[in-house]
Each structure stands twice: as C-alpha cells, then as structure tokens.
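Residue numbers (the working numbering), protein chains in the order written: chain A, 213 to 743; chain H, 213 to 743.
Number of protein chains: 2
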Amino acid sequence: MKKIVILGGGFGGVYTAMHLIKKFRYRKDVEIILVNRENYFVYQPMLAEVVGGSIGILDTVSSLSRLLKGCRVYVREIEWVDLEKQQISLLPKYTHKSSLIHYDHLVIGLGNVTNFKGSSGLHEHAFAFKNLSDALSLRNHIIETIETAAYQTDPELKKALLTYVVGGGGFSGTEVIAEMNDLALRLAKNYPTINPKDIRMILIHSKKRLMDKEMPKTLSLYAEKLLKKRGIEIRFQSKLVSATPRGAILETGEKIAAKTVVSTVPSSINPIVESMQLPKVRGKIATDAQMLVDGCTNVWAIGDCAHIPDITKEEAFCPPTAQYAVRQGKVLAHNIYASIRGKQKKEFRFKCLGMLAALGHNSAVAELFGKIRISGFIAWALWRAIYWVKLPGISRKLKVAFSWFLDKVVPIEAVQLKLAPSQAIASLHYESGEEIFHEGDTGDYLYIIVKGKVEILKGEKLEKIAELKDGEFFGEMSLLNERSRTATVRCITAVDVLAIRKADFGMLIANFSEMKEKIRSTEEERMKKSH
Amino acid sequence: MKKIVILGGGFGGVYTAMHLIKKFRYRKDVEIILVNRENYFVYQPMLAEVVGGSIGILDTVSSLSRLLKGCRVYVREIEWVDLEKQQISLLPKYTHKSSLIHYDHLVIGLGNVTNFKGSSGLHEHAFAFKNLSDALSLRNHIIETIETAAYQTDPELKKALLTYVVGGGGFSGTEVIAEMNDLALRLAKNYPTINPKDIRMILIHSKKRLMDKEMPKTLSLYAEKLLKKRGIEIRFQSKLVSATPRGAILETGEKIAAKTVVSTVPSSINPIVESMQLPKVRGKIATDAQMLVDGCTNVWAIGDCAHIPDITKEEAFCPPTAQYAVRQGKVLAHNIYASIRGKQKKEFRFKCLGMLAALGHNSAVAELFGKIRISGFIAWALWRAIYWVKLPGISRKLKVAFSWFLDKVVPIEAVQLKLAPSQAIASLHYESGEEIFHEGDTGDYLYIIVKGKVEILKGEKLEKIAELKDGEFFGEMSLLNERSRTATVRCITAVDVLAIRKADFGMLIANFSEMKEKIRSTEEERMKKSH
C-alpha cells in the first residue's frame with residue numbers, strides 16, 4: 213500500500229488530490245491523504261465579494277471531504293515533518309497524543325501565511341485579508357463601525373469610525389477597498405445621520421501605480437480613475453508601517469485617525485515549510501519543472517510555496533496564482549502516478565491566460581492572452597462568468613447564482629455574525645504621545661506593560677505623578693474600587709500592552725501570582741523526587 | 213420630544229418596536245430606541261434547523277436596522293438602568309466612555325439567559341442551545357466529531373466521539389436531538405469508516421414523558437416512538453448534572469463517555485433584570501394585564517422576562533413563547549401610544565393557537581386550538597408553512613425557501629466555520645478519579661488548579677510522587693524542556709483547572725508574576741501621591 217500525503221488544501225493541494233483520485237480510481241494499492249487546518253477549500257477569487265456581501269458567507273467555501281471523495285481528509289494541524297523517516301506528526305485533537313503518518317510520496321502545498329511580526333501594531337490592530345475568517349471579520353467590523361457612527365455624538369470619534377485605511381495597492385488591496393467602499397455606502401443609506409461624503413476610504417500603495425505587478429499600465433490607470441471617481445483616496449509611494457487603536461501610521465510618521473486598518477502586504481512563508489530542511493529560493497521550495505523538490509525523489513511542491521521554473525520563458529518562474537496552481541495540480545498528479553507505475557513524467561508548461569480584477573459596483577479590469585484589454589461592465593461580466601464556471605460543484609454554482617440574483621433585487625442584509633466571545637486578554641500597541649485612557653473614563657480594562665514607558669497624569673493640568681515601564685501594570689484601581697479612571701495614562705515611548713477585561717481579571721490575578729518565582733524550585737523538587 | 217427605549221431585540225422587543233413605528237409614523241415628537249447586544253433578530257423557531265443544516269447559517273436572522281426602519285438601533289451592552297433618574301448607561305464601544313440615554317417610557321424585553329453557574333462542569337463542557345452562536349458552535353462541533361472519528365485509530369476515543377448526550381427533553385431538547393441525529397447520520401454517509409449504528413444519541417429527561425409541559429400525552433408518546441425508531445435513546449426520570457472533557461455525568465453518578473454534551477435546561481433571569489429594583493414573581497417582572505410593571509407609570513415588561521396575567525383563564529400567566537410575545541408587542545405598542553396621547557389602554561388577551569414541534573426528517577407533532585392533534589409528515593408540512601409565513605421580510609422568505617429546496621436536491625455541505633482563534637485560556641472541570649493527562653502524552657497545556665486536589669503519578673506502576681491543590685500548577689515541565697509529559701496527573705477530588713496553551717504561556721508568565729503581591733503596595737503608594 214503506497215501512501216501519498218498532501219499537505220495543504222488550497223488550489224494546489226486540492227487539484228492534485230482531485231487528479232490523483234481519478235488516476236488511482238478502483239486501485240486499492242494507493243491511499244491518498246490530504247491534511248488541512250480547515251475542513252473546507254476557499255475559492256479565493258471571490259473572497260472580496262464576501263466583504264461586500266454580494267455573495268453569502270459560505271458561498272466561497274466547499275467542504276473538502278465532499279469535494280475529495282476517495283481521499284482521506286485529515287482536518288488537523290501539522291506538528292512537524294521528518295523527511296528522513298518519511299513521517300508527519302499531527303498535533304493532538306480530542307486527546308493528548310500526536311498522530312504519526314507515514315508517506316511514500318509527499319506533496320507540499322502549504323501556500324503562505326499572513327505575518328505581521330516585525331511591524332509592530334499591525335499584528336494587533338490591522339485586519340489581514342487572506343482567508344475566510346479575515347473576510348468575515350472585516351465585514352463584521354465595517355458593519356459595526358457604520359452602526360456605531362450612526363448614533364455617535366463625539367464628532368472626532370465619528371470621523372475615525374468612518375475612515376478606512378487599506379495598505380497595499382496590489383490585486384487584493386485594490387479589490388478589497390472597492391468592495392469595502394460599496395459595503396459602507398450601501399449600509400450608510402439606512403442611516404439619515406450618516407452623510408455618504410463623510411465616509412473616507414484611503415488606499416496606501418508603495419509603488420507608483422495600482423496592481424503594478426499584475427496589470428499593464430493602461431488598466432492600472434483605468435482602475436485608479438474609477439476608484440477615485442467613487443471617492444476613494446489613493447496615496448502612491450507611501451507605506452503603511454504601523455497601527456494603534458487610534459489609527460494608521462505611515463512611513464513618513466503621518467497618522468490617520470481610523471478605526472479600520474487593513475493590511476494586504478505580501479504574506480510570508482508558512483512556518484512548517486520554513487522548518488523543513490529543503491533547498492529554498494527566496495523562501496520558496498526549489499523544484500524542477502516536474503515539481504520534484506531539488507535533491508529529493510519523493511517530495512513534491514506546488515503552488516504559492518513552491519519555486520517552479522516556467523519553461524515557456526527563459527529564467528522565469530511560475531507566479532503564485534490560482535490559475536497556475538490548478539494546472540500544476542494536474543501535472544503533479546500525473547508525475548506521482550508515473551513515479552509509482554514507472555511511466556514517463558511530464559514537465560509543467562503553461563502560458564498565463566490573462567488577469568482579471570473586480571472593482572466592485574459592476575466593473576472590472578481584464579487583460580487576456582497578454583494582448584486584449586477590457587474594462588468596465590464587460591470585464592465585470594467576464595469576471596463573473598469565468599469564475600462562476602470554475603466554481604467547484606453544481607450546488608455551489610446554484611448558491612452563488614442565487615446570491616448574485618438576491619443581491620440585485622433586495623436591500624443589503626447587514627448581519628454581524630459573532631461566534632466566539634471576545635478574548636479575555638488582548639495585545640495592544642500604542643505610539644508615543646497617545647493616551648491609553650483619560651481621567652474620568654469608564655474603567656473597563658487592566659493593563660500590563662510588555663514593552664515601553666508610560667506616564668500617569670493627574671488633574672486638568674496633567675501633573676505627572678508616576679512613570680511605569682516593562683512588566684508594570686496600571687488601571688487596577690478603577691477595577692478594584694471605582695467605576696471611572698482616577699488618572700490619565702499617556703505613552704512616553706511606543707508601548708505594547710496586554711489589556712485584561714474587568715470580568716476576567718479576578719480569575720487571573722488569583723491564580724498567576726507567585727508562579728514565576730515558584731516555577732523553578734517546584735521543578736527542581738519534582739525532578740529530584742522522580743529520580 | 214418623548215423617548216421610548218426598548219431593551220432587548222427578541223420577539224417582544226422587536227414587535228413592540230414595529231408597531232410603535234407604525235403608530236408614530238410621520239410624528240416628529242417621539243423617538244424610538246431599541247438596545248440589543250447583537251445587531252440582528254433571531255427567528256428562534258428555526259434555530260434547530262441551523263444545527264441540522266437544512267437552512268443556511270444566516271437564514272434565521274434579520275438585521276435589526278433593516279427590520280426596524282424609523283427606530284434607532286443601538287448595538288450595545290447595557291451597563292445599568294437607573295429607574296429614578298430614568299436613565300440607561302451603555303458600556304463603552306470604541307472609546308472608554310459609557311453612554312447615557314434618557315427615557316420617558318421604558319420597555320424591558322430582555323428575555324432570559326443560559327446560566328450554568330452552580331452546576332459545575334456544564335459551564336465548561338456542555339453546549340447551550342439558546343442563540344445563533346450556540347447553534348453554530350454545536351453544528352461545527354458535530355461536524356468535527358464525525359470527521360475526527362472517521363480516521364480515529366483509538367476505538368475508545370472513536371466511541372466517545374460518536375456519542376452525543378442532550379440534557380432536557382422539553383421542546384428545544386427534543387427538537388435539537390432530532391436535528392443532531394439527522395446531521396450526524398447524513399455526515400457519516402461520507403465515511404465508509406463510520407458505521408451509522410455506532411452513532412449514539414442519548415436524550416436525558418427528568419420527567420416521565422417528552423415535552424411534558426408543552427404537549428399532550430398522545431403527541432409525547434408519538435414523538436418518543438419516532439425518535440426511538442431512529443435510534444435515539446431516551447432516559448426518563450434521569451438528570452444531567454455535570455460534564456467533563458470525557459463526557460456527561462448523571463444524577464445517579466453514572467458517567468457516559470461522550471465528546472458532545474448539550475444542555476437545554478431552563479435558562480435563568482437576565483442579570484440586568486435581576487439588578488433592577490422592580491417587583492418580581494419567580495424572577496420575572498410582575499406586570500398587570502396592560503404590561504405596565506407593578507407600581508410604575510412608564511416602565512413596561514414583555515415576553516420571557518415578564519410575568520403577565522393571562523386574563524382568559526383564572527390565575528394564569530402568559531407562557532414564555534414567541535406566539536405570545538408577538539401579540540404582546542402589538543398591545544404594548546398601543547398602550548404606550550395611549551399613554552402618550554392620553555387615549556384608552558388595552559389589556560392583553562390571547563388564546564394559544566397551538567403548539568408545533570419539528571422532529572427532523574420530514575416529521576413533526578402539532579396540537580392546534582387545544583383540540584386537533586396531528587403528527588408525521590402533515591404536521592411537518594404545517595410546521596414549515598406556518599413558520600415560513602411568519603418569517604419577517606420577503607428576502608428572508610426567498611432565502612429560506614431556496615435553502616429548503618437545495619437541501620432536498622444536493623448532498624449536505626459540512627463546512628465548519630471558525631471565526632476566532634481558540635482561547636488562550638480555557639476553564640476545565642474534571643471529576644475525581646479522572647486523568648488529566650498521562651505520562652508520554654504530548655505536552656500542550658499548562659494547568660493551574662482553581663479548586664480541588666490532584667496527584668502526580670510516575671511510571672507504569674503509577675507511583676505517587678506528589679499531591680497538588682488550589683493555586684498550584686502542573687504540566688509546566690513538558691512546556692519548558694520536553695515534548696511529552698513526564699508524569700501522569702489524576703484527580704483526587706472534583707477539580708476545576710485553568711488550561712493555558714503552550715504558545716501563550718510565555719507571554720503570561722512573563723507578565724503576571726509578582727503582580728498580586730505588588731498590587732496592594734502600588735495602590736497605596738499612588739493614592740498617597742495623588743492626595
């Protein structure tokens with residue numbers, strides 16, 4: 213029994229599995245296993261539409277076990293991969309034991325992940341835009357800002373609630389701000405207290421034109437004109453570097469007061485891929501044109517995490533797009549089949565058919581076959597037609613078509629779906645000079661300083677009464693005795709804090725105390741006893 | 213300008229608001245405000261269908277702002293209500309300041325809440341079944357148990373994964389276990405490794421027959437027969453009292469190994485209602501037949517949180533059902549209108565039309581007008597017809613109809629929607645004699661004992677090397693040094709612990725230490741300085 217294990221359920225992994233299932237149908241000597249963190253496959257091209265709401269929340273996702281009948285789908289997190297022993301360990305689930313899987317062929321299709329580490333503040337206060345939960349969280353949040361702004365009496369807060377900043381003017385940044393703008397404007401119609409002109413959408417892009425990597429200049433300019441016409445501000449040669457609870461911070465130091473900051477910066481390598489001892493080029497796994505990892509005989513890589521030569525051009529490599537991953541899957545399935553059955557392997561050869569970007573509001577831009585350029589409604593209709601045809605499964609097609617139809621005939625449905633209670637502990641980032649809270653505010657959180665310095669100020673004259681730094685805490689007084697803050701806290705430097713909700717504070721303080729001191733002695737004691 | 217403030221967006225609150233909007237249309241002298249924690253209204257009767265999946269996740273909910281045009285909808289949490297000053301304070305949102313609202317008329321429609329406090333273990337390990345997020349969490353969890361069971365090699369764990377215990381055989385318990393059974397069986401079809409006969413559904417009911425409060429005996433017996441035929445076990449005169457990560461615990465002390473425990477026990481009074489100084493009868497706010505709270509002139513109560521006389525019978529009170537709340541809303545709106553305009557108020561008078569309970573799988577039971585009893589497919593068709601007609605809004609009707617249609621023609625879509633990362637800290641409850649972890653297990657969590665005693669055991673002979681109690685912690689060694697547990701931990705008494713994920717442990721330990729000791733001295737010091 214040969215075991216083929218596929219890591220990752222994105223376009224690369226799923227299409228490889230689909231073709232493998234076909235090739236080995238009715239053969240009992242091969243087992244195909246796919247490991248993915250989620251139990252669904254996300255149809256990425258339509259993710260921005262989830263934000264806008266023109267399709268339903270689950271319309272972009274398909275159940276992996278239904279999509280891949282004949283393949284074992286393990287919905288698990290990978291702990292480690294041992295290339296020598298040909299083993300994979302999966303983190304425990306419903307038990308305390310990790311599971312080991314052996315493989316004969318390994319396909320790595322783990323894509324990449326959003327990684328805000330290094331850029332302080334973005335991790336804590338910016339929305340990512342990569343997977344389904346990002347799209348839903350962003351949609352929920354925009355609904356919340358509009359609802360809160362509608363009956364907001366503080367004009368400054370209202371302005372910040374209606375300001376939306378998106379970092380990155382590539383494909384996803386451009387698509388998502390167009391959808392965000394549509395959503396905010398449609399929602400605002402429900403509230404006479406919101407003037408549509410007060411909604412500010414700002415796109416921050418480090419290059420000189422939109423989608424500079426993906427689209428030719430004419431289409432970039434068309435997209436730019438279109439977004440500007442709809443009231444979206446675009447700032448070129450500018451960069452989003454940080455965020456705080458108050459707003460976005462640009463490279464120049466400029467601050468934009470906003471309660472919504474989105475960052476679509478290029479994502480980084482998956483930590484599991486990083487931990488594997490494989491040859492890499494710019495963080496991606498180096499393979500030959502057959503997608504076999506350099507120096508290996510049974511390890512393959514596909515999609516965004518792989519560095520696969522594009523043999524149609526000289527010294528070129530396949531771009532990280534769904535279009536390529538889908539075709540790679542077919543060739544990779546063949547090559548694994550050929551390896552097992554001793555047949556001839558194939559090289560991956562594909563020429564990009566074109567690029568499409570939806571810009572919301574019944575418009576899009578497209579470049580086809582490197583020649584034809586279309587924009588506006590026709591491009592949009594083409595976008596919908598192409599992606600609809602490519603949607604996996606008839607029921608998904610029906611659902612999306614019905615959603616599109618409903619979206620045109622009925623007003624927007626703005627339900628904020630909350631699944632989990634808010635976290636007991638939140639990490640927050642503030643820049644120097646920002647106030648964390650003001651005297652007289654409601655005392656809702658206790659703060660612990662992870663990094664940085666703050667000053668405690670008292671009275672109208674803001675008289676300084678104390679300075680606190682790393683490891684110290686503040687805000688406990690209003691939690692213990694009183695309803696409102698008895699002092700103002702302002703940051704001297706950039707500050708990272710942990711905020712603990714009032715209700716959870718008691719539970720934690722009762723249990724964590726003395727732990728650090730005790731931990732070493734306890735450990736030693738027990739070690740002695742056990743020997 | 214008169215302000216009418218409605219607390220709560222359930223059937224009572226929403227229907228009161230709808231009728232008030234109609235009555236005061238085009239009058240600029242009245243403002244209607246509704247405060248609710250969520251931005252949507254849940255159509256409760258169809259909630260069980262969300263678990264089963266025959267309708268979409270958002271098909272049961274409607275956006276409040278769209279449903280109630282002409283009413284200000286505040287999506288906020290209530291901090292307190294001051295009946296003397298006629299003020300309500302809302303907890304801060306996007307700021308640190310609470311908001312105050314004044315009212316001239318106050319409508320309390322806060323329903324009741326799930327409250328597991330007092331029954332240790334249920335709070336931590338049982339699913340509630342009350343609101344949308346409960347229904348979704350339960351659905352996600354059932355999908356996960358089936359997927360995990362499918363490729364589970366440990367037969368004991370597989371058995372526990374496929375065992376489902378529901379506590380409470382009233383309306384919601386009966387409806388939900390029927391839907392759970394349908395879902396589990398439909399999902400299992402995808403996996404040749406799961407024998408449908410291995411799926412165990414157990415309904416625990418303290419009375420002698422199902423839905424004893426709501427349905428006549430003949431229909432109870434019919435429902436019982438039907439559920440039993442589908443393989444559901446029913447235990448009468450039995451009670452679910454606790455739960456642990458291993459399973460359910462009954463009043464008799466019997467343990468049922470199960471990874472899914474649901475409790476539909478009667479819910480308790482909303483804490484905000486509890487905090488208000490109003491006359492109460494068995495926890496509910498006492499009103500007259502006009503729904504005016506006893507002793508008040510401008511405070512009204514409606515729905516599940518109100519104790520409203522039923523004047524069609526002697527010494528009877530309105531039951532807590534949607535049917536009543538909807539009709540109460542109309543009368544209450546009239547009475548507030550009458551109060552403001554100096555007209556004649558009305559008393560609430562309504563006779564129950566009947567009761568319907570869906571039992572999944574195209575069957576239901578119904579009693580109409582206290583006389584006619586129907587069961588099976590006809591009752592089910594009636595159930596769907598009645599509740600479909602009552603659904604608010606045409607687009608919702610379209611969506612639900614389309615979902616019902618799709619559900620019949622395409623196979624089940626089993627997507628597990630995860631919105632938030634799992635919590636860094638979890639509260640867990642174990643019973644005496646249970647193992648928390650075993651030597652050699654993967655070290656994934658650190659544990660702090662909140663209450664109870666555990667013993668640390670070493671080696672195959674389980675030699676006792678230590679005993680730990682409240683405030684002490686264990687499991688830190690494998691987090692610090694090693695991958696797997698170096699000892700076994702077993703509970704001597706019932707134990708409550710906090711479990712902290714490996715990844716979050718470092719962050720917390722670095723910050724919480726010494727805090728308890730320091731907090732009092734710091735506080736004193738700052739108090740001195742500020743005076």
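Where a beta carbon is used, it is the ideal one built from N, C-alpha and C, also for glycine.
{"Check": "Where the segment 243-277 of chain A meets chain H: residues whose CB sits under 8 Å from a CB there", "Outcome": "E250, N251, Y252, G268, I269, L270, V273, S274, S275 and S277"}
{"Check": "Listed by chain order, chain H residues near A706(A) by CB distance under 8 Å", "Outcome": "None at all; the shortest Cβ gap to chain H is about 18 Å."}
{"Check": "CB contact check: H743(H) to chain A, cutoff 8 Å", "Outcome": "For H743(H), the predicted model reports a pLDDT of 49, less than 50, meaning its position is unreliable; a value from the coordinates is still stated below. No, no contact with chain A."}
{"Check": "contact_flag[the segment 421-428 of chain H, the segment 606-619 of chain H] where n(CB pairs < 8 Å) is 3 or more", "Outcome": "no"}
{"Check": "Presumed contact (8 Å Cβ cut-off) between T272(H) and V254(H), rounded CB distance", "Outcome": "6 Å"}
{"Check": "Spatially closest choice to I414(H) from Y599(H), R596(H) and R442(H), by CA coordinates", "Outcome": "R442(H)"}
{"Check": "Distance, V627(H) Cα to L270(A) Cα", "Outcome": "8 Å"}
{"Check": "Cα-Cα separation between D241(H) and K215(H), rounded to whole angstroms", "Outcome": "9 Å"}
{"Check": "Residue-level contact to chain A via CB, L232(H), 8 Å cutoff", "Outcome": "no"}
{"Check": "Local conformation of M230(A) per DSSP, three classes", "Outcome": "helix"}
{"Check": "Backbone CA spacing between L373(A) and D500(A) [nearest angstrom]", "Outcome": "50 Å"}
{"Check": "Beta-bridge partners of G566(H), as assigned by DSSP", "Outcome": "L580(H)"}
{"Check": "Where E291(A) sits in the DSSP three-state scheme", "Outcome": "strand"}
{"Check": "Cross-chain neighbours of P604(H) in chain A, by beta carbon under 8 Å", "Outcome": "Chain A residues near P604(H): none, gap ~12 Å exceeds 8 Å."}
{"Check": "Contact belief for A498(A) with D506(A) at Cβ below 8 Å, rounded distance in angstroms", "Outcome": "5 Å"}
{"Check": "Interface residues of the segment 649-660 of chain H facing chain A [CB-CB below 9 Å]", "Outcome": "F649, H650, G652, D653, T654, G655, D656, Y657 and I660"}
{"Check": "Chain-ordered chain H contacts of Y363(A) [CB-CB under 8 Å]", "Outcome": "R284 and Y286"}
{"Check": "The segment 275-284 of chain H contacting the segment 473-488 of chain H, beta-carbon criterion three pairs below 8 Å", "Outcome": "no"}
{"Check": "Chain-ordered neighbours of Q628(H) on chain A, where CB pairs are closer than 9 Å", "Outcome": "E250, N251, Y252, S275 and V287"}
{"Check": "Opposing strand residues paired with R447(H) [DSSP bridges]", "Outcome": "I416(H)"}
{"Check": "Cβ shell of E651(H) (< 6 Å), same chain only, five flanking positions each side left out", "Outcome": "R697, A699 and T700"}
{"Check": "Cβ pair K670(H), E679(H) closer than 8 Å", "Outcome": "no"}
{"Check": "Backbone CA spacing between E726(H) and S332(H) [nearest angstrom]", "Outcome": "In this prediction, E726(H) scores a pLDDT of 47, lower than 50, which makes its location untrustworthy; the coordinate-derived value is nonetheless stated afterwards. Using only the alpha carbons, I get a separation of about 30 Å."}
{"Check": "C-beta neighbour in chain A for H335(H), strict 8 Å", "Outcome": "no"}
{"Check": "Coarse secondary structure for S475(A), derived from DSSP in three states", "Outcome": "strand"}
{"Check": "Cα-Cα separation between N547(H) and E243(H), rounded to whole angstroms", "Outcome": "16 Å"}
{"Check": "Integer Cβ distance of I348(A) from V262(A), believed to fall under 8 Å", "Outcome": "Per the sequence shown, the amino acid found at residue 348(A) is Leu instead of Ile. Indeed they touch by this definition, with Cβ atoms about 7 Å apart."}
{"Check": "Contact check, V247(H) vs V226(H), beta carbons under 8 Å", "Outcome": "no"}
{"Check": "Chain-ordered chain H contacts of K611(A) [CB-CB under 8 Å]", "Outcome": "L618"}
{"Check": "Distance CB(E289(A))-CB(R249(A)) smaller than 8 Å", "Outcome": "yes"}
{"Check": "With 16 other Cβ atoms within 10 Å as the buried cut-off, status of V601(H)", "Outcome": "exposed"}
{"Check": "Anticipated Cβ contact below 8 Å, G459(A) with I446(A), distance rounded", "Outcome": "Actually they are not in contact, since the Cβ atoms of G459(A) and I446(A) sit about 18 Å apart, beyond 8 Å."}
{"Check": "Contained alpha helix (DSSP H) runs [length at least 4] in the segment 242-294 of chain A, N- to C-terminal order", "Outcome": "259-264 and 276-279"}
{"Check": "Inter-stretch contact (C-beta, 8 Å, three-pair minimum) for the segment 574-583 of chain A and the segment 547-558 of chain A", "Outcome": "no"}
{"Check": "Spatially closest choice to K371(A) from E672(A), I411(A) and D394(A), by CA coordinates", "Outcome": "I411(A)"}
{"Check": "Cβ pair T228(A), V319(A) closer than 8 Å", "Outcome": "yes"}
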